[in-house]
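>
In my numbering, the protein residues as written are 900 to 1138.
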């Protein structure tokens, strides 16, 4: 059985490699993607929560498929905009039962976040867009120089690579909610965001910069990467 400490140590080593290879700077210099985001003056509370909902769809699909082999229920993915399909994702062959339980716990938390946001938004909730959990990870790993241009990267293949993918989403969720919360004016929506922020947030940063950074990360740099995890972009105004 693979010991958790050795797995985590390995992930920290590879995470440092990712950072040194420039993954943290992928969001820089992508003016095309940022220019398509809505101006903050015209963005409503519903727009902001729908932006967050798109990201919660992504996180939920990742963790649920890794833990159970199944994604979100179709009843929890319908809404405004074009409903897409999820490509990729499968149950990780966990050897550490504690890690498997943790993956399931996080997956259920993310699913609860989806339901919470959808409840707060009501009929204004956007549908789950098309999500790529397959080629996007390979593109990301190649950009970060984790694999060669000929190799592929599948975070669902083993525990170590699953944790690498989890670290990526951890940063996305935190920056999204920390950046969105100060922009909200409706107290009901603010309460919804704050409830999720309690489990997601641990970083601080500039509001608008963080919002655009999240887009650039999940799009893997924009059109050049065919919009990364969201091939048809997010649903809603902030896309």
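Even for Gly, the Cβ is constructed at its ideal location relative to N, Cα and C.
I need the straight-line Cα distance from residue 1013 to residue 962, nearest angstrom please.
Rounded to whole angstroms, residue 1013 to residue 962 spans 13 Å at the Cα level.
> Taking just the CA atoms, how far does residue 975 sit from residue 994?
Each residue's Cα considered, the two are about 30 Å apart.
> I'd like the ranges of any beta strand (DSSP E) spanning at least 3 consecutive residues and lying wholly in the region 1001 to 1050.
Complete beta strand (DSSP E) runs here, min 3: none at all.
> Out of 1017, 991 and 987, state which residue places its alpha-carbon closest to the alpha-carbon of residue 978.
Selected option, being the one with the closest Cα: 1017.
> Once you ignore the five residues that flank residue 1128 on each side, which residues in its own chain have a CB closer than 8 Å to its CB?
Within the same chain, residue 1128 has close Cβ partners 957, 1030, 1031, 1032, 1035, 1117, 1118 and 1119.
> Is residue 1148 buried or exposed, if buried means 16 or more other CB atoms sit within 10 Å of its CB?
No information on residue 1148 is available, as it lies outside the stretch 900 to 1138 that the chain covers here.
> Taking 8 Å as the threshold (C-beta atoms), are residue 959 and residue 999 in contact?
Contact: no.
> Does the beta-carbon distance from residue 1041 to residue 1048 come in below 8 Å?
Yes, these two residues count as a Cβ contact at 8 Å.
> According to DSSP, which residues form a beta bridge with residue 979?
1025.
> Decide if residue 968 is buried, meaning its Cβ has at least 16 other Cβ atoms within 10 Å, or exposed.
Result: exposed.
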